[in-house]
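Going by our numbering, the sequence shown opens with residue 2, and the numbers climb by one from there. For every residue, glycine included, the Cβ atom is placed at its ideal position computed from N, Cα and C. Below is one structure, written out as structure tokens; the observations come after it.
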Amino acid sequence: MTITYSLNVSEARLCGFAKLLLRWRGSIYKLLYREMIIFCTLYFTLSALYRHILNDDQKMVFESLAKYCEKFTDLIPLSFVLGFYVSIVVGRWWQQYLSVPWPDKAVMAIAAYVNGTDERGRVIRRTLARYLSLLSALTFQGVSTAVKKRFPTLDHMEEAGELLWIESQCRLSSTCFLRCFLFDYWFVALAVRARKEGRIKDDMLLKHLLQEMHEFRGCCGMLFSYDWISIPLVYTQVVTLAIYTYFLATVMGRQYLRSSGEDREIDLYIPVFTMLQFFFYMGWLKVAEQLINPFGEDDDDFELNWCLDRNLQV
């Protein structure tokens, strides 16, 4: 579930935002600590090798290689490539949230337009609402690994009581998308039958009810589309290679060199600003990696299991 902290920053007071830096769950520290350990291990290993193991001739070769790496790291347009990529991922992430289907409007339309206090009227209203819930359930099952683990197959939905046996016959359809379309067809057929029985007063109400259903179905279709069409793999590869190549060169290029003269008078055993640069840029990449698929099981991913339970209750 997305980590919320709005209450903690409800007032702009001293150290209000600083307290957020101490959190672990959903933090950048949790995402980045493994890469930071590997980076520091490589850096200090090369530093110890240069200081204590290599002879003078080998140190000269080491220094030449370090200067070469330092010179050409500036040629990688890191900020431009990474910033543009993260902006695309964040925009896509928010649009995916806006596409999560909520049945409230359609369910209220069902309650308002489908008349009848008898058992038949109640069954029609419940069945129409049930079809919407099952449509969202199959959509979530198709795009979310968390929901897929909860309901691996339609049999598990049937065992949980969320799917009737006759409804589970939609397993005859070959794909999840076709199974969802079958529930749409059943919804339309039942709504038209209710109109013929006089339980929906006029065609305008039927039209509005079907429009709400199509809007709900459109959100489900958008989730399938986002799951189907990803950010081009080549762009993701370019950004990832740029980041890792840059810091692989930085491990060598930012080493302290005794022959550098006045350029590096202070012997920094711990490269503070290099580590901060790694933290910021690699953390930036980790933000994109976490948001690129918000239907997984990361701390900040959308909790579609909660959405599914809520839709069923509605």
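According to the Cβ coordinates, are Met283 and Phe248 closer than 8 Å? Taking 8 Å as the Cβ cut-off, Met283 and Phe248 qualify as a contacting pair.
Mapping DSSP to helix, strand and coil, what is Phe152? In the three-state reduction of the DSSP assignment, Phe152 falls in the coil class.
Thinking Thr74 and Ala250 are a contact (beta carbons under 8 Å), I'd like their distance in whole angstroms, please. Indeed they touch by this definition, with Cβ atoms about 5 Å apart.
Under 8 Å between C-beta atoms of Ile125 and Arg196: When the beta-carbon positions are compared, Ile125 and Arg196 stay at least 8 Å from each other.
Please determine, among Gln256, Phe280, Asn312, Tyr236, the residue with the shortest C-alpha to C-alpha distance to Ile293. Among Gln256, Phe280, Asn312, Tyr236, the Cα nearest to that of Ile293 is on Tyr236.
Under the three-state reduction of DSSP, which class applies to Val315: helix, strand or coil? Looking at Val315 - three-state DSSP - the assignment turns out to be coil, as it is neither helix nor strand.
Just to confirm before moving on: does the CB-CB distance between Leu76 and Ile244 stay below 8 Å? At the C-beta level, Leu76 and Ile244 stay beyond 8 Å of one another.
Just checking my contact of Leu224 with Thr128 at CB under 8 Å: how many whole Å lie between their CB atoms? No, Leu224 and Thr128 are not in contact; Cβ-Cβ is about 24 Å, not under 8 Å.
Own chain partners of Ile111 with C-beta closer than 8 Å, once the 5 adjacent residues on each side are dropped: If we look at Ile111 and ignore the five residues flanking it on each side, its Cβ neighbours are Arg126, Leu129, Ala130, Leu210.
Give the straight-line distance between the Cα atoms of Pro153 and Gln142, rounded to the nearest whole angstrom. Between the alpha carbons of Pro153 and Gln142 lies a distance of about 8 Å.
Taking the beta carbon of Trp166 as the centre, do at least 16 other beta carbons fall within 10 Å, making it buried, or is it exposed? Per-residue confidence for Trp166 stands at a pLDDT of 47, beneath the threshold of 50, marking its modelled position as unreliable; the derived number appears in the next sentence. Residue environment analysis places Trp166 among the exposed positions, since fewer than 16 neighbouring C-beta atoms fall within 10 angstroms of its C-beta.
Per the contact definition of three or more C-beta pairs closer than 8 Å, is the segment 80–97 in contact with the segment 204–218? Note that the segment 204–218 does not touch the segment 80–97; fewer than 3 beta-carbon pairs, one per stretch, sit closer than 8 Å.
Okay, do the segment 293–310 and the segment 26–46 touch, 3+ Cβ pairs below 8 Å being the bar? Contact check between the segment 293–310 and the segment 26–46: three or more CB pairs, one atom from each, fall below 8 Å, which counts as touching.
Burial state of Ala49 (16 or more Cβ within 10 Å): By the neighbour-count criterion, in which a residue is buried when 16 or more other Cβ atoms sit within 10 angstroms of its Cβ, Ala49 is exposed.
Closest to Leu99 by CA distance: which of Lys31, Tyr227, Arg35 is it? Just measuring C-alpha positions, the residue of Lys31, Tyr227, Arg35 sitting nearest Leu99 is Tyr227.
Are Phe281 and Phe40 closer than 8 Å when you measure CB to CB? Not a contact, by the Cβ cut-off of 8 Å.
Give the DSSP-derived three-state secondary structure of Glu298 in the structure shown. Three-state DSSP puts Glu298 in coil, outside helix and strand.
Tell me the start and end of each unbroken alpha helix (DSSP H) in the segment 91–130 that is at least 4 residues and wholly inside, in chain order. List check, alpha helix (DSSP H) in window: 105–114.
Give the range of the alpha helix (DSSP H) segment to which Lys60 is assigned. Residues 57–73.
Euclidean distance between Cα positions of Lys20 and Asp203: Lys20 and Asp203 have their alpha carbons spaced roughly 58 Å apart.
Phe274 to Trp307 span [Cα, whole Å]: Taking the straight line joining both Cα atoms gives about 42 Å.
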